[in-house]
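> Residue numbering for the sequence shown follows the numbering used here, starting at 1 and increasing by one per position. Glycine included, each C-beta is placed from N, C-alpha and C at the ideal position.
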Amino acid sequence: MAAPGALVPSDYKLLAIVAARTGSGLQIVRSYKAIHQVERSHLVGRPAVRLYSSEPRASTTKSGEEPLRIALPVLEGDYWTVGPIHLASLVAAVRETYGNGVHTFVFSARDPDWARDYARTVGATGAIHRAYPPRWTLAWAIKWLGRHVSVQDSSIESVLESHGIDVALCMRLTRGYGRIGTILWLADFQHLVMPEMFDEAERVERTSEFLRSSQLATRIVVMSDAVRRDFLGFAPTYGPKLRVLKPASFIPDRVYDLNPAAVAAANHLPDRFIYLPNQFWKHKNHELVLQAVKILKDRNVHVRIVCTGSLLDYRHPRYAAELFRKLSAWGLREHIICLGLLQHEEVLLLMRQCVAVLNPALFEGWGYTVDEARSLGKLVLVSDIPAHREQDPPQATFFNPFDAEDLAARLQTVWRAGKAGPDGAREAAAREQLHERRRAYAQEFVALARETAEAARD
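1) Starting from Thr-182, follow the beta strand (DSSP E) in both directions and report where the run begins and ends.
2) Would Asp-360 be called buried (16 or more neighbouring beta carbons within 10 Å of its own) or exposed?
3) Would you give the residue range spanned by the alpha helix (DSSP H) that Thr-426 belongs to?
4) Are the stretch 191–202 and the stretch 328–335 in contact at 8 Å, needing three or more beta carbon pairs?
5) Identify which residue in Arg-304, Val-303 and Leu-323 has its Cα closest to the Cα of Leu-312.
6) Please list the terminal residues of the continuous beta strand (DSSP E) segment that includes Ser-108.
7) Contact check, Ala-356 vs Leu-341 under 8 Å by CB: the rounded distance?
8) Note the first and the last residue of the continuous alpha helix (DSSP H) segment covering Val-306.
9) My assumption, with CB atoms under 8 Å, is that Arg-228 sits in contact with Leu-448. Please give the rounded CB distance.
10) Measuring CB atoms only, is the stretch 265–273 touching the stretch 247–256, in the sense that at least three cross pairs come out at less than 8 Å?
11) Along the chain, where does the alpha helix (DSSP H) that runs through Leu-269 open and close?
12) Is the distance from the Cβ of Leu-296 to the Cβ of Leu-411 below 8 Å?
13) Would you decide whether Ser-208 is buried or exposed? Buried here means 16 or more other CB atoms lie within 10 Å of its CB.
14) Does the Cβ of Thr-308 have 16 or more other Cβ atoms within 10 Å, making it buried, or fewer, making it exposed?
15) Given 7 Å as the limit, tell me if Arg-450 has its C-beta closer than that to any heavy atom belonging to the ligand GDP.
16) Just the Cα atoms here: how many angstroms apart are Leu-434 and Ser-214?
17) For the candidate residues Tyr-368, Phe-402 and Glu-405, whose alpha-carbon lies nearest to that of Asp-392?
18) State yes or no: is the C-beta of Leu-173 within less than 8 Å of the C-beta of Glu-444?
19) By DSSP, does Phe-398 sit in helix, in strand, or in coil?
20) Are the beta-carbon atoms of Gly-178 and Glu-157 separated by less than 8 Å?
21) Have a look at Leu-388 and Met-223 and give me their C-alpha separation to the nearest angstrom.
22) Sort out for me which residues DSSP pairs Val-167 with in a bridge.
23) Quick one: Cα of Ser-53 to Cα of Ala-115, how far?
24) Give the DSSP-derived three-state secondary structure of Thr-22 in the structure shown.
25) Ignore the nearest five residues each way along the sequence and tell me which others in Val-122's own chain have a CB closer than 8 Å to its CB.
26) Just the C-alpha distance for Trp-281 and Ile-180, rounded to the nearest angstrom, thanks.
27) To the nearest angstrom, report how far apart His-283 and Phe-198 are at their CA atoms.
28) Quick one: Cα of Lys-294 to Cα of Gly-418, how far?
29) Leaving out five residues before and five after Ala-119 in sequence, what residues of the same chain have Cβ atoms less than 8 Å from its Cβ?
30) Could I get the ranges of all uninterrupted alpha helix (DSSP H) runs contained in the stretch 360–396, with 4 residues as the minimum, in chain order?
31) Below 6 Å CB to CB, which residues in the same chain sit around Lys-326 once its five sequence neighbours on both sides are set aside?
32) Do you know whose CA, among Tyr-98, Val-263, Ala-168 and Glu-196, lies nearest His-344's CA?
33) My parser needs the alpha helix (DSSP H) runs of 4 or more residues fully inside the stretch 218–253; what are they?
34) Short of 7 Å in beta carbon distance, which residues of its chain neighbour Val-102, apart from the five on each side in sequence? Order them along the chain.
35) Look up Tyr-314 in the DSSP assignment and give the residues it is bridged to.
36) Can you check DSSP and say which residues form a bridge with Ala-356?
In structure tokens:
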């Protein structure tokens, strides 16, 4: 990795192109101070930010303290569907626990209306929109140059500071935010644990991005001790910054009031089924489920599996098609039902209705569906991997994720013993425990945010 401030030959070539296209005769600015002087002089008067907020900033809370203000990233849902669910769960936990004592804002460079709608979707207080200059303009060129020769982004710092932001939660960092504390959230290290799932270019890119971001972040957060161990093996130098924050799922009250059997009927599902709500990514291990169901079918044991989730795996674009070909060739169309993407509320209702929730993944950083099933009081049938063992849901059934015979045996046992629909006593107990878990989740996150803000100011 080139040292911050070092320009490589390709950079000089691009600078020449920028200078030609902008007609500015742009000179290479080598010093950190000069870059920031130029940045400010060319961005004065530009509408760099707008703030959309459902409530104005309160000067103090009821306790007399200023409310903590946190900037949140946009976690895209088109490919990684759990992203916005995770963010909404965190925001809701904070709101439930602290009310107006903590304000959350989505920070985005996308269309202002889109950013505002996204903030509403995840339940944030509002959205801070930052406009970037058009490509190949002088302002854009200066921003590009600043990213290469400065480790701090003064423009983002000033935008966040002007709106009283204390700390920013980030998925990646190319530059630091100065006096604004940054919490880097790393979901997992799958590219190192299962390198065969990535091509070499993506592995190199992710490794470089993780290292650079870890270097710049004030604090780093992961969701499990399993990921913590992976991080310490990857970048032990930054271990002192690392914290573990285990999520607690958000189950809206409305989910308990609706009839889950009606949702199953609306999707033409059988009365009894085991539910596999995972995206069709290769490491999610759907193929093992097909093999296990075929083994049982050949023994005249007919289980029903319902699958939901995105069919797109950009790393293995033909994976879903190959699964469906095997499903047909093995005569499993009546045994495995695939519904594609559903609304999250429908997913939770199908969890309530099913006999058990199944997660056969070869790797997880946490395993969000497992925690959701636990939070609803459902039995789970899960692969024996570190993240699932760490969650250790009550009465969980574990199986070897590389052994179809083992899964077939466990499936048969759960299928014969399990009952469809909610278990009132288990669900009530899980709901009560979830309330306490979510309060602890919010408290740990806010404590981390305050620690991060103080560390950045020191």
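Taking the geometry as given:
1) 181–185
2) For clarity, residue 360 is Pro in the given sequence; the question names Asp instead. With 16 or more Cβ atoms within 10 Å of its Cβ, Pro-360 is classed as buried.
3) Reading off the sequence shown, one finds Arg at residue 426, where the question assumed Thr. Arg-426 -> alpha helix (DSSP H) spans 424–457.
4) no
5) Leu-323
6) Where Ser-108 is concerned, the enclosing beta strand (DSSP E) stretches over 102–108.
7) Going by Cβ atoms, the distance from Ala-356 to Leu-341 rounds to 22 Å, so no, they are not a contact pair.
8) Looking at the DSSP string, Val-306 is not in any alpha helix (DSSP H); the run it does join, the beta strand (DSSP E), is 305–307.
9) Wrong, their Cβ atoms sit about 14 Å apart, outside the cutoff.
10) no
11) Counting along the chain, Leu-269 falls outside any alpha helix (DSSP H), and DSSP gives it neither H nor E.
12) In contact: Leu-296 and Leu-411 (Cβ atoms closer than 8 Å).
13) exposed
14) It counts as buried.
15) As for the ligand GDP, it is missing from this structure, which has no ligand bound.
16) 32 Å
17) Tyr-368
18) Contact flag unset, no.
19) strand
20) yes
21) One point to set straight first is that residue 388 is His, not Leu, in the sequence displayed. Taking the CA atoms as reference points, His-388 sits about 12 Å from Met-223.
22) Residue pairing by DSSP puts Val-167 in a beta bridge opposite Ile-70 and Gly-181.
23) Caution is warranted here: a pLDDT of 39 is assigned to Ser-53, below 50, making its placement in the model unreliable, and no coordinate value can be reported.
24) The predicted position of Thr-22 is uncertain, since its pLDDT is 47 and thus under 50; no value can be drawn from it.
25) Leu-72, Pro-84, Leu-87, Ala-88, Val-91 and Val-106
26) Using only the alpha carbons, I get a separation of about 36 Å.
27) 11 Å
28) 20 Å
29) Tyr-52, Phe-105, Val-106, Thr-125, Gly-126 and Ala-127
30) 368–375 and 386–391
31) Leu-290
32) Val-263
33) Segments of the alpha helix (DSSP H) lying fully in the stretch 218–253: 225–234.
34) Close CB contacts of Val-102 within its chain, under the 7 Å cut and outside five residues either way in sequence, are with Pro-67, Leu-68, Ile-70, Val-94 and Val-446 (chain order).
35) DSSP, once it has assigned bridges, lists no residue as partnering Tyr-314.
36) Ile-274
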